[in-house]
Structures are given as structure tokens and as C-alpha cells.
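Student: Before I ask anything, let me first share the structure, which is written out below as C-alpha cells.
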Amino acid sequence: MPYTCDWLIPNRVVLMGFEGAISTEDVIAAYHTLQPYCAQVSDGLFHICIDVQGVSAYTPEILRLRNKIRLGDPEKYGWVAIIGDNPIAIYSITTLCHMLHLRFRVFSITEAALNFLVQQDATLKTYTP
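The sequence shown begins at 21 in the numbering used here and counts up one residue at a time.
Shown next, in the form of C-alpha cells:
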């Protein structure tokens with residue numbers, strides 16, 4: 021499996037990490053893995069950190085992804101923080117975020133992404149690393 025998924029801040033922020041060559045099927049499978057995490061969030065926004073630092077290649081089939089990924093309640097989603105410096109992966113993920121009407125920012129390290137989320141979402145201010 022070229023991706024991992026786990027809570028960074030329980031019931032609020034998920035960290036999804038990708039490694040190696042990522043296919044369209046991998047992204048769709050990761051999306052389905054992410055859905056139960058989103059369903060667990062009852063109060064506040066659901067934020068996603070996507071770490072692409074280990075990605076060597078990323079699917080070019082963005083339009084196909086858009087047709088396969090359907091978000092539930094858009095009001096439940098907060099920010100998508102993209103972590104890494106792979107220009108192809110970042111371009112693909114930011115394009116998908118645009119198509120899904122998700123807010124996003126790009127960061128070089130996880131700590132910077134987490135600090136940004138804490139600044140943007142007052143309900144995360146009680147989080148201490």
C-alpha cells in the first residue's frame with residue numbers, strides 16, 4: 021500500500037502519507053480510507069494533512085479522479101495541508117482541491133502545517149504536540 025492514514029490530532033486532523041509511484045487507483049483507495057475518519061468528526065472541522073515527501077510519481081489523470089471522488093457535507097471540511105516539495109504531486113493535489121472546492125496550503129514540513137491549522141481553527145488551540 022503506497023499510503024498511510026492516521027490521526028494527527030484525534031477526531032480532528034488526519035495525516036495521510038504517500039510513498040513511491042501513486043496511481044489513480046491508489047488515490048481513490050486512499051479517499052475511501054479517509055471517509056471513516058471524516059465520519060468520526062462530530063464537532064468542528066475535519067482537516068487533512070497530505071504528506072507527499074516520499075512520492076516519486078503521481079497520476080496525471082486528475083479529471084478521472086474528480087469523477088470518482090465525492091465529498092459529503094462540504095461544511096465539515098476545513099483545510100487540506102499539503103506537505104512536501106514534489107511539484108507534480110503538489111500540482112495534482114492542488115488542482116483536485118480546486119475542483120472539490122477545498123481550502124489548501126502547501127508546506128515544507130509537518131510542523132509548519134500543524135501550526136497553520138492551529139492558527140486557523142480556534143478549536144485546535146488546546147492541542148499540544
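Just so it is clear, CB atoms sit at the ideal spot from N, CA and C, and this is done for glycine as well.
All values reported here derive from a predicted model rather than from experimental measurement.
What are the boundary residues of the beta strand (DSSP E) that residue 86 is part of?
Tutor: No beta strand (DSSP E) holds residue 86; the alpha helix (DSSP H) holding it covers 82–88.
Student: If I follow the unbroken beta strand (DSSP E) through residue 57, where does it start and stop?
Tutor: Per DSSP, residue 57 belongs to no beta strand (DSSP E); it is in the alpha helix (DSSP H), 44–60.
Student: Among 26, 80, 56, 89, which has the Cα closest to the Cα of residue 107?
Tutor: 80
Student: Count the other C-beta atoms from every protein chain shown that fall within 10 angstroms of the C-beta of residue 32, then say buried if there are 16 or more, exposed otherwise.
Tutor: buried
Student: What are the start and end residues of the beta strand (DSSP E) that includes residue 76?
Tutor: From DSSP, the beta strand (DSSP E) with residue 76 extends over 66–78.
Student: Just how far apart, CA to CA, sit residue 142 and residue 64?
Tutor: 10 Å
Student: Please report how far the alpha carbon of residue 71 lies from the alpha carbon of residue 123, in whole angstroms.
Tutor: Taking C-alpha positions only, residue 71 is separated from residue 123 by approximately 16 Å.
Student: Taking DSSP's pairing of strands, which residues face residue 39 in a bridge?
Tutor: 74
Student: I believe residue 40 touches residue 24 by the beta-carbon criterion, under 8 Å. Please report the beta-carbon distance rounded to the nearest angstrom.
Tutor: So it is not a contact: roughly 12 Å between Cβ atoms.
Student: What does a CB cutoff of less than 8 Å around residue 114 pick up in its chain, not counting 5 residues either side in sequence?
Tutor: Closer than 8 Å at the Cβ level, and outside the excluded window around residue 114, lie 102, 124, 126.
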